[in-house]
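These notes are about the structure you will find just below.
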Amino acid sequence: MITIKNITKKFNDFIAVNNLSLEVKEGEILCLLGANGAGKSTTINMLLNFIEPSFGSAKINGLDVVKNPIKTKNFLTYIPENLMLYPTLTAIENLDYFCKLSGKNFDKTELKLYLTDAGLQEEAHNNRVKTFSKGMRQKVGIALAIAKESKVLLLDEPTSGLDPKSSNEFMDLLTRMKDDGVAILMATHDLFRAKEVSTHIGIMRSGKLENYSDSSKVSLKELETIYLDIMNFKNVS
Amino acid sequence: MFYNNLIYEIKLLIRSNWLILLLIGITLLFVFATFNGNKNVTKRVNDIAEVQEGFNKKDSLMLATLIKIEKGEKTGLPYWQLPSEPMTVGSRYPRIAIMHPEALSFLATGQSDMYTHFKSPTVYGNNFALDYSEMVNPVQLLFGNFDLAFVIIYILPLLIIAFTFNVLSKEKELGTLRLLGAQPISVINWLLQKIIIRYLIFTIITSIILLITIALFSPNAFNSINNLFGLFLLIYGYILFWFVISFIVNIKINHSSKNALSLIGIWLLIVMVLPATVNQIGNSLYPTPSRLKMINEIRLIKKENEKKQNEIMSEYLRTHPELAQGNGNDKFGFWHNYFASEKIMEERTKPLLAEYDLQLKKQQNLIRMFKYVSPAILMQQSLNNIAGTSEKHYNDYKKQVFEFSNTWRDYLVPMLFKKQKFKVDNYKELPQFTYKNRIVNNVWLNLLSMLILSITIFVLLGFKDLKRKIIPITRL
Amino acid sequence: MKNIIFKELKELTRDGRFKIAIVISLILLVVATITGINQYQKNNQQYLESAETERKVWETQGEKNPHSAAHYGTYAFKPKFALSLFDYGVTKYTGNSIFLEAHNRHEASFSEATDQTSLARFGTLSINFVLIYLFPLIIILIGYNSYTKEVEHKTLTLLKSQGVHPTKLTLGKWLATFIPVFLLTAIIFLIIGIILSSLENLAFFTWSSLLAIFASYTLYYLIITTITVLISMWSKSSGMSLVSCLIIWIIFSFITPKIATNFANENHPYPSKSEFSTRIAEDRKNGLDGHNPWNKAAKKLEQETLQKYNVDSLSQLPFNYAGYRMQKGEEHEAKIYEKHYNILNEIANNQNNTYKKLSFLSPFFPIRFLSMDIANTSDNLHWKFTKAAEKYRIEKQRFLNNDIKDNSKLGERGYKMSAESFKKLPKFSFTPPTLGEILKDNTQNIFFLSLWFFIPFLGLIITSKKI
């Protein structure tokens, strides 16, 4: 579903992503770990074609994102770190608006169903979004992914700033989506949750993928050691 | 997508109170401006009515005297005041040449505050060099009027700027732009649609309020439906120009306060700095011919001519023709000499004045070419044209009055030379002045130039981004 | 405090927008100055030539009947004042020449605006245009975020925790907003002064007038600065502050003047020219007080004169009674004109007072009036000029009528005044009021400007302690 091949991004002299290759298949969750500035967000931005790669290619569902900037977005849903919606519109209206932008038309009961599916309590459906917490807004985002039947989910540090309960709920949602065959790429700082929810884990540093492992094959302790090793190495160099 | 955008744009605008604000703002401005414009027109109409009334009174008095004379009754008037003498009619009972306001004159004060709208050319004197300026406090001319033209030219763009300056940058600053960017749409197209929707909303609101205001305050305007239609088209064109500018600034700068500053800068440039600069430079390059010099030249001619005129008639009588005494042949002789002497003066000064007028016209035409520099100038000229208050209208009015004064003179003077008396029947067939608006208002041409300008800006500056379809969203 | 000012100024010099605004203003100033000098010299040349030619025409008209000469008349030309180069004021809308003849008082004719297209109504680029419209905008550009940026970058709390006195901080920011434009203005005025004093044929230029205008503008900029910084203090965000400042600027300089025009016109309407001349004609017919027309008064005058000289008939008088009567008639007419022009002047003053009274809505009014008054381009000056011209006209009539009175005989038809005598008529000259007189006339404007400065400044000091 997500294929990144030898991708490099330079901002003037600074190399944000360096010859990165990775793949996320259907029903997989790849968690990208790494310090700030490791290139996680840049990678996601390139998949969204917000930034054009200097070299290499990124593909979604087999389509090159640079050549098909609009088509590829039919397959994906993106949830930024701080997902913002129109504050004066209600949850249903926001969902309706973005669904229609994607060319999907649903009636009100269907929209409510998706919101409930995404875990947004029914009382909030008709409330204006300006009163919503970050977790609630993210649920609208997930509802959008469900409604769009997205095959790819791109998440940029979705759990930062969420309370543990909301984080937990969110991870449950991701697992459900994974089970439905969605390919998920998530950038995060949260080792613990990454280990819990992902199928694969990648650790990035200075734009390079330093470690790539199957989550089921490493313990949390081992993961932490690998992560710290990589980070310390940076400090030494 | 368009329908979806439309519904939600309206919803968003209503919930942010923007529509209400816009509605109230435009209503207040239009009502106040129309009210003011109407007041100016009413003053003009009242002034005209007053003059007309005085004229009618004088005329009926004259008619009554004429009837008395024809019946052979005594009038008790001295010889030189009897209206049975064609020259007395010519000097004491001049016709009145009125320039009535147009149906849409309330729209733009234009040059109407500087000129008079009625003139009574007499049978003698320099009718080709009458002074048409009106009495007015120059400070008023300096500050200008709060009329619809001012609201349309100066304030509507400001409202448009307030209405559109952050369409895109607000999404960016709010954070929704990232989500939009991840949808299978072209964000530029989406923005274009939003701007088009706002354009439609803005023009609809403006049209409705303007229509209602005009219907309430100046229903007369509906008699001139063509001009009214032209007015609305011009407003749409002018609004379009500002929306195009705003669209370009939105995609090129995309930062709310920088957008606002740039747009205000452009506004200042287009409605103030460019017109003022063009005006100043234009007048330096093609100066208005000097009136002082003209005065000097006329005075010299006058001085030279005096001898010639003196041979024909004594100067004292020339300056006081009403005091010419005598009967029959004497009287005839006096006027004969008078016109001969006046003719000399006229013949000599006419080419000078004509040349001066030509020079002035050339200069004005050149300056008029500058209207393409700024849509605000274009708009001002168009609105003045529709309102019938442009300098062209007043120049033409002067011309019509001059033409009329000749017709009138040609009616009376032969009577004098044929020794005919002025009778009631003559009164009935005296030539009358009716002002005709002979100026082509060029609405279509001006509209077209405005559209071409807007499209050119749009294509030159916005097309590349439209083709790319993607806005760089990062580096927030 | 020095520290604060330097920091703000340093930030400013790194701001691209500020540089662009300054560069554009300077370019406009250069264009305005060059075209202004060009026009001034041309117009002044024309004025000097016309005045001279007209005088020559007058002096060389040869032997002539004095009353014919009175009808032939002469022209009074309005001189070009040095500072008109700085502020055109209303000169474009008032005529520059008045025809002076017997029996009739004429209006100044041929105003430039009536010869120009309606483009002229947008205003003309002049030095004053840049100073009065654009410089306040630069001040807004500098000052709109003086406080909001500290709030937005959260540096205000940091500053306060450093123990800076809040009033000192405010004054520092206030000065930093004011100083750049002040320096710029000072340089501009210095350059204008140097240019003006090096021009030839310059009429009525004094450094003190220029200094007075400079002081007025400085006061105006102080007002704008204070209001801008005050708004920045009150606003929650830079955007809000900018929008508020711009709205105020637009209301001050565009909207209130136009609304005031409508007010002035509504409350004190000008008569139309025909109405005005009808009233004069009526008074001429019926006499000044309504029941003493000139032909009656003339009879009375005749009797009085006969009595005074103790003679039976006019021919026994030691002078030509025709000339004497003509002069008395002229004076009679002049009084009628004076009455009506005074009424008109009153209306004009009332209108201008309406503007001045509305000064509490916008400090633009007092500075606009003050600027053109000092530059001798106001309508005040125009009134003074028309009155001077009228005075000269009456003087001229007396000169000519006295010639008839003293040198001709009653009933003599072909009398001619000698060619040489025309030269004896004094030349028309018009001296503008002194700076002191102008400032005295403008105390109300100066008062309003000061008020506009002190009240916001007080607000600034009070607010500074609360922030």
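Protein chains in written order, with the numbering used here: chain A, 1 to 237; chain B, 1 to 476; chain C, 1 to 467. Glycine residues also receive a C-beta, built at the ideal position from the N, C-alpha and C atoms.
In three-state DSSP terms, what is residue i?
i, result
"L125 of chain C", "coil"
"T34 of chain B", "helix"
"A297 of chain A", "With chain A covering 1 to 237 only, the question about residue 297 of chain A has no answer from this structure."
"S232 of chain C", "helix"
"W161 of chain C", "According to the sequence provided, residue 161 of chain C is Ser. The question's Trp does not apply to it. S161 of chain C falls in the helix class under three-state DSSP."
"G328 of chain B", "Any reading at G328 of chain B must be qualified, since the residue scores a pLDDT of 49, below 50, and its modelled position is unreliable; no value is offered."
"T8 of chain A", "strand"
"M136 of chain A", "helix"
"R413 of chain C", "coil"
"D156 of chain A", "strand"
"G62 of chain A", "coil"
"R438 of chain B", "coil"
"R470 of chain C", "What is shown of chain C runs 1 to 467, which leaves residue 470 of chain C out entirely."
"H255 of chain B", "coil"
"I224 of chain C", "helix"
"R304 of chain C", "Position check: residue 304 of chain C holds Glu in this sequence, whereas Arg was assumed. If DSSP states are grouped into helix, strand and coil, E304 of chain C belongs with the helices."
"T77 of chain A", "strand"
"N18 of chain A", "strand"
Going by alpha carbons, who is nearest to residue i out of the options?
i, options, result
"L154 of chain A", "A:D117, A:L185, A:I2, A:K10", "A:L185"
"L174 of chain A", "A:D107, A:E196, A:D64", "A:E196"
"L344 of chain C", "C:L314, C:E275, C:K405", "C:E275"
"N94 of chain A", "B:D465, B:Y372, B:I7", "B:I7"
"F252 of chain C", "C:N201, C:E302, C:I132, C:E152", "C:I132"
"D87 of chain C", "C:K387, C:Y47, C:M372, C:T148", "C:M372"
"T199 of chain A", "A:I44, A:S215, A:T3", "A:S215"
"F428 of chain C", "C:L211, C:T463, C:K387", "C:K387"
"N437 of chain B", "B:A103, B:N259, B:N4, B:G54", "B:A103"
"Q359 of chain B", "C:Q116, C:S197, C:K300, C:I138", "C:Q116"
By the criterion of Cβ-Cβ separation under 9 Å, what are the contact partners of residue i in chain E?
i, result
"P375 of chain B", "Looking at the structure shown, chain E is missing, and the protein chains on hand are A, B and C."
For residue i versus residue j, is the C-beta spacing smaller than 7 Å?
i, j, result
"A389 of chain C", "A76 of chain C", "yes"
"T203 of chain B", "I248 of chain B", "no"
"A58 of chain A", "L48 of chain A", "no"
"A298 of chain C", "I394 of chain C", "no"
"S382 of chain B", "N279 of chain B", "no"
"A108 of chain C", "T124 of chain C", "no"
"L12 of chain C", "T226 of chain C", "no"
"G56 of chain A", "K25 of chain A", "no"
"T305 of chain C", "G89 of chain C", "no"
"A187 of chain A", "D229 of chain A", "no"
"N242 of chain A", "T8 of chain A", "Residue 242 of chain A lies beyond the residue range present for chain A, which begins at 1 and ends at 237; the question has no answer from this structure."
Below 8 Å, can you find three or more Cβ-Cβ pairs linking the stretch 19-27 of chain C to the stretch 279-287 of chain B?
no
At least 3 beta-carbon pairs within less than 8 Å: the stretch 78-89 of chain A vs the stretch 4-13 of chain B
yes
What residues in the stretch 162-191 of chain C bring their beta carbon closer than 9 Å to a beta carbon of chain B?
none
Going along the chain, which residues of the stretch 37-56 of chain A sit with their C-beta nearer than 8 Å to a C-beta in chain B?
Listed by position, the residues of the stretch 37-56 of chain A near chain B (Cβ gap below 8 Å) are N45, L48, N49, F50, I51.
Against chain A, which members of the stretch 183-199 of chain B pass a CB distance test of less than 9 Å?
Q183, P184, I185, S186, W190
Would you call the stretch 253-260 of chain B and the stretch 58-73 of chain B touching, i.e. three or more CB-CB distances under 8 Å?
The stretch 253-260 of chain B is not in contact with the stretch 58-73 of chain B.
Across the stretch 90-101 of chain B and the stretch 361-380 of chain B, are there enough close Cβ pairs to call them in contact, namely three or more that are closer than 8 Å?
no
Give me the subset of the stretch 58-71 of chain A whose CB atoms are less than 8 Å from a CB atom of chain B, sorted by chain position.
P69, I70, K71
Count the CB pairs spanning the stretch 40-53 of chain B and the stretch 102-114 of chain B that are closer than 8 Å, and state whether there are at least three.
yes
Members of the stretch 44-56 of chain B that neighbour chain C once the beta carbon cut-off is set at 8 Å
Listed by position, the residues of the stretch 44-56 of chain B near chain C (Cβ gap below 8 Å) are D47, E50, V51, G54.
Taking one C-beta from the stretch 356-374 of chain C and one from the stretch 246-263 of chain C each time, how about it: are there three or more such pairs within less than 8 Å?
yes
Do the stretch 134-151 of chain C and the stretch 236-249 of chain C make contact, defined as three or more Cβ pairs closer than 8 Å?
yes
Residues in the stretch 164-185 of chain B with C-beta within 7 Å of chain A's C-beta atoms, listed in sequence order?
L174, G175, T176, R178, L179, G181, A182, Q183, P184, I185
If the cut-off is 9 Å on Cβ atoms, which residues from the stretch 266-284 of chain B count as contacting chain C, listed in chain order?
For the stretch 266-284 of chain B, the beta-carbon criterion of a distance under 9 Å to any beta-carbon of chain C is satisfied by L268, L269, V271, M272, V273, L274, P275, A276, T277, V278, N279, Q280, I281, G282, N283, S284.
Are there three or more Cβ pairs, one per stretch, closer than 8 Å when the stretch 199-215 of chain B is compared with the stretch 102-113 of chain A?
As far as the Cβ criterion goes, the stretch 199-215 of chain B does not touch the stretch 102-113 of chain A, which means the pair count is below three.
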